[in-house]
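Structure record follows, encoded as structure tokens.
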Amino acid sequence: MTAVARAALVGVLVAAALAVGLAPWAHDLPSRDATGLEAPDDGYWTAPTRRLAGAGEQDDYDHDLALSLALPQNALAAAAVALGVPYGGARLAGSLLGAAVLAAVAALWLRGRRHLAGFALLVTLATPPVLGHVLSDLGEGTALGLCALWATAALGRRWTFAGAIAALALSQKASGLALGLGTLVGVLADPTGRATALRRAAVGVAAGLSCAVGLAVVVFGDAPVAFLLRPWTATHDTGAGSHGWGWLVQAAFPGAHGVGASWAPAALAVATVAALAPARRPSPAVLAATVAAFLFAGTFPDPWRVLPALPLLVATLVDDPHADRDASTAVRALPLVLALAQVVGALAAAVATAKAAALVAVTVAAVVAVRGAGRWLVARPRVRAVVLALPLAWAVGASGHLFRAPATARRALAAEVASRLPADASLVGYSFLSSAFRGRLYYPPFDTLWADELARRAPTTLYRLRVPAGDVPPPGPAGYRVVRTDDLGARLYNRELRARPLVLDTLAPPPGAPR
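Using our numbering, the first residue of the sequence shown is number 3, and each one after it goes up by one.
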């Protein structure tokens with residue numbers, strides 16, 4: 003059996019162990035504050051597969067956006083459905099495959115001279131935010147796997163494969179933007195010849211885009227041009243985005259904006275490895291993709307946006323025998339600086355809110371300290387082994403604590419709501435309700451994005467799940483008024499970690515209104 007086949011087997015076994023041991027399709031997602039998991043969006047990114055499987059529908063805007071920004075994930079989920087797996091489990095196929103890829107790449111590196119990078123990737127997989135996302139269908143789990151695949155291709159200068167992965171990843175949470183830049187930089191720096199490398203990459207990009215468009219059209223019935231352009235023409239009504247200093251701090255220290263210490267072990271493992279075995283010839287392609295991924299994460303105020311950059315950050319530690327032997331000190335130290343920025347930001351989020359200047363100052367001090375400690379640790383193998391083991395123990399312990407007592411509060415709520423409504427009802431509520439509800443869901447915060455669709459469909463009855471904010475219910479969408487409100491008691495509903503009062507509104511057109 004070849005090394006690649008053995009690594010693939012390891013990946014499959016790890017993914018199977020996660021699926022069987024934790025049964026993620028049967029439980030709620032863990033705490034958002036600890037993992038960065040958006041529990042209300044559970045089911046959102048696989049809405050196209052849900053419609054395909056006849057398990058319910060999302061409003062058209064969100065359905066189409068999910069297809070354009072999670073096509074690889076939905077294609078894998080659809081394949082699982084075709085094999086007879088129910089939607090509830092099939093929707094996790096892409097994320098579990100992402101876990102398998104991370105484990106397989108780590109196994110490959112552990113068997114060779116890249117064993118320190120392999121160790122860091124294993125710690126990354128065991129960290130609560132990463133483990134949580136590979137056990138969900140929120141999209142980042144599949145993106146993590148694509149980024150790890152691309153890193154192995156770029157390090158091996160397999161530009162056809164790298165280009166294809168980058169093109170496919172464009173439609174998986176837009177992670178292909180960073181990978182595309184990395185591919186371009188790698189091609190231009192290829193010592194075997196730019197023209198040949200460029201041709202190979204172009205073939206891969208064309209194949210990847212053709213595959214994505216073909217799947218969108220043939221499997222999901224989308225229009226090719228609309229599929230490609232939709233992410234670029236999506237409205238700004240979602241409120242996402244950060245600017246100025248906020249963008250810079252988010253790009254450099256995403257952990258400082260949430261998730262906190264639970265994300266630090268992965269970055270600490272990378273920083274430790276960077277101190278012990280810094281890459282003397284880092285890959286230009288991987289460095290460029292990593293920096294681009296952090297900058298891309300800075301455009302959104304959510305810390306989990308940077309997760310796809312973590313496998314790339316680990317890959318920056320792998321020595322590239324073809325890279326410039328005389329790379330500057332600043333270039334060689336960049337992986338260490340990036341890793342320590344994540345440690346500083348995560349710890350700052352755990353203990354206090356820190357300003358940008360303080361974060362920068364602490365990071366600079368940490369870089370100097372870790373560089374010095376690295377020389378000291380290299381000469382002390384036993385101490386080095388203990389230091390390497392600490393991040394892994396931290397990550398495994400934190401993840402074990404989070405996942406040892408799975409909750410089912412939101413699933414119970416979804417089942418109760420589904421039992422109260424007709425099978426084909428139209429409901430304004432979050433996507434996690436799809437675990438039991440089989441009607442059409444309208445995403446609550448973005449009512450302006452589906453108002454035209456609702457007016458066109460004009461259901462005779464509309465239902466709405468909400469947290470009451472006063473004695474008078476808020477008005478319904480245009481053409482609807484509240485005719486009944488049922489109290490559901492204190493329930494866990496949106497992002498909050500505590501139960502809040504919840505009601506189910508029934509809305510209908512005013513008497514005599516034309517329908």
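For every residue, glycine included, the Cβ atom is placed at its ideal position computed from N, Cα and C. Given the structure is predicted, the values throughout are model-derived calculations rather than measurements.
Asked, Found
"Limits of the unbroken beta strand (DSSP E) element including serine 428", "428-430"
"6 Å CB neighbourhood of arginine 486 in its chain, flanking five on each side removed", "Thr508"
"Neighbour-count burial assignment, tryptophan 452, 16 or more Cβ in a 10 Å radius", "buried"
"Sequence-distant residues of the same chain with beta carbon closer than 8 Å to glutamate 518, five excluded per side", "No statement about residue 518 is possible, as the shown extent of the chain runs from 3 to 517 and does not include it."
"Validate contact between the segment 281-294 and the segment 156-170 using beta carbons, cut 8 Å, 3 pairs", "yes"
"DSSP three-state assignment for glutamate 418, whether helix, strand or coil", "helix"
"Where the beta strand (DSSP E) containing aspartate 489 begins and where it ends", "483-493"
"Beta-carbon proximity check, threonine 162 vs alanine 191, cutoff 8 Å", "no"
"Touch test, the segment 119-139 against the segment 387-398, Cβ-Cβ under 8 Å, three pairs minimum", "yes"
"Three-state secondary structure (DSSP) of tyrosine 465", "strand"
"For leucine 499 and aspartate 35, believed in contact at Cβ under 8 Å, the rounded distance", "7 Å"
"Enclosing beta strand (DSSP E) for leucine 31 [first to last residue]", "It is not in any beta strand (DSSP E) - leucine 31 carries neither H nor E in the DSSP assignment."
"Touching by the beta-carbon criterion (3+ pairs, under 8 Å), the segment 250-270 and the segment 319-336", "no"
"Option in Ala311, Pro130, Ser177 with minimal Cα separation from leucine 405", "A quick correction: the sequence has phenylalanine, not leucine, at residue 405. Of the candidates Ala311, Pro130, Ser177, the one whose C-alpha sits nearest the C-alpha of phenylalanine 405 is Pro130."
"For valine 261, the first and last residue of its enclosing beta strand (DSSP E)", "Note, valine 261: premise wrong, no beta strand (DSSP E); not H, not E."
"Residues that DSSP places opposite leucine 504 in a beta bridge", "Gly491"
"Length at least 3, wholly inside the segment 173-219: the beta strand (DSSP E) runs in chain order", "none"
"N- and C-terminal bounds of the alpha helix (DSSP H) containing tyrosine 63", "62-71"
"CB contact flag (serine 433, alanine 416, <8 Å)", "no"
"Run of the alpha helix (DSSP H) containing arginine 440, from where it starts to where it stops", "Taken as a continuous stretch (DSSP letters only), arginine 440 belongs to no alpha helix (DSSP H), as it is neither H nor E."
"Which of helix, strand or coil DSSP assigns to alanine 10", "helix"
"Reduced DSSP category for valine 423 - H, G, I as helix; E, B as strand; rest coil", "Rather than valine, the amino acid found at residue 423 in this sequence is leucine. Three-state DSSP puts leucine 423 in coil, outside helix and strand."
"Cβ contact check for the segment 217-229 and the segment 74-87: 3 or more pairs under 8 Å", "yes"
"Alanine 360 to alanine 25 span [Cα, whole Å]", "42 Å"
"Residues that glutamate 455 bridges to, as DSSP identifies them", "DSSP lists no partner for glutamate 455."
"Coarse secondary structure for leucine 509, derived from DSSP in three states", "strand"
"Contact check, glycine 143 vs serine 97, beta carbons under 8 Å", "yes"
"Candidates Trp27, Ala199, Ala5, of which the one nearest alanine 106 by Cα", "Ala5"
"Contacts around alanine 82, its chain only, beta-carbon distance under 6 Å, and the 5 residues preceding and following it disregarded", "Ala92, Ala95"
"Tyrosine 465 versus leucine 506 - alpha carbon distance", "7 Å"
"DSSP three-state assignment for glutamate 40, whether helix, strand or coil", "coil"
"contact_flag[the segment 347-354, the segment 332-339] where n(CB pairs < 8 Å) is 3 or more", "no"
"Own chain partners of proline 475 with C-beta closer than 7 Å, once the 5 adjacent residues on each side are dropped", "Val484, Thr487, Asp507"
"Element boundaries [alpha helix (DSSP H), containing leucine 110]", "95-113"
"Contacting residues, own chain, Cβ-Cβ under 6 Å from valine 261 (five flanking each side not counted)", "Gly38, Pro131, Pro305"
"Environment of alanine 311 [buried if 16+ CB atoms lie within 10 Å]", "buried"
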